[in-house]
Amino acid sequence: MSDCIFCKIIEKKIPAKVIYEDEHAVVFEDINPQAPVHTLIIPRKHIPTLLDIGEEDHALMGHLIKVAGTIARSKGIAERGFRVVANCNHESGQTVYHIHLHLLGGRPMHWPPG
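Numbered according to UniProt numbering, the sequence shown spans residues 1 to 114.
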């Protein structure tokens, strides 16, 4: 998508602090962190919302979750605990319409969120 900020980050047209990338995903630091560790895990494939995930995307979604574990380990928060959040549409707080997972950790997480 030509106007998607995350697609532009993937294409390296917009700078981001990328900490991981592979053929299916890119991970970068959130510019407005809500925890000591706050990264965004995005697929290279543009999928606007969780409701747009197709049958062909199931393996990709599993890969994003696996990457979340990898990043949690590399950031030293895996054993202490971390949260993975995906927002869908406006009322949930989704502001960029390219699916992404927020990986949050490094402090106690409270329940209920939001």
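Beta carbons are placed, not taken as given, at the ideal position from N, Cα and C, and that holds for glycine.
C-alpha distance - residue i paired with residue j, whole-angstrom precision
i: Ile31; j: Val96; result: 13 Å
i: Gln94; j: Pro48; result: 10 Å
i: Gly73; j: Asp52; result: A small fix is needed here, since residue 73 is Arg in this sequence, not Gly. Distance between the alpha carbons of Arg73 and Asp52 is about 29 Å.
i: Gly105; j: Glu79; result: 11 Å
i: Ile14; j: Phe6; result: 9 Å
i: Pro113; j: Glu91; result: 14 Å
i: Gly81; j: Asp22; result: 24 Å
i: Glu55; j: Arg107; result: 36 Å
Whole-Å CB distance - residue i paired with residue j, under 8 Å assumed
i: Lys75; j: Val37; result: 5 Å
i: Ala25; j: Arg44; result: 7 Å
Contact set for residue i: own chain, Cβ-Cβ below 7 Å, skip 5 residues either direction
i: Leu50; result: Ala86, Cys88, Ile99
i: Thr39; result: Ile19, Val27, Phe28, Glu29, Asp30, Ile71, Leu103
i: Leu64; result: Ala25, Ile41, Pro43, Leu101
i: Ala35; result: Leu104, Gly105, Gly106, Arg107
Same chain only: Cβ atoms within 6 Å of residue i, ignoring 5 sequence neighbours per side
i: Met109; result: Arg83
Own chain, CB closer than 8 Å to residue i, minus 5 neighbours either side, in chain order
i: Cys4; result: His46, Val96, Tyr97, His98
Complete runs of the beta strand (DSSP E) confined to the UniProt domain "HIT" (5-114) [at least 3 residues]:
18-21, 25-29, 37-43, 82-85, 101-105
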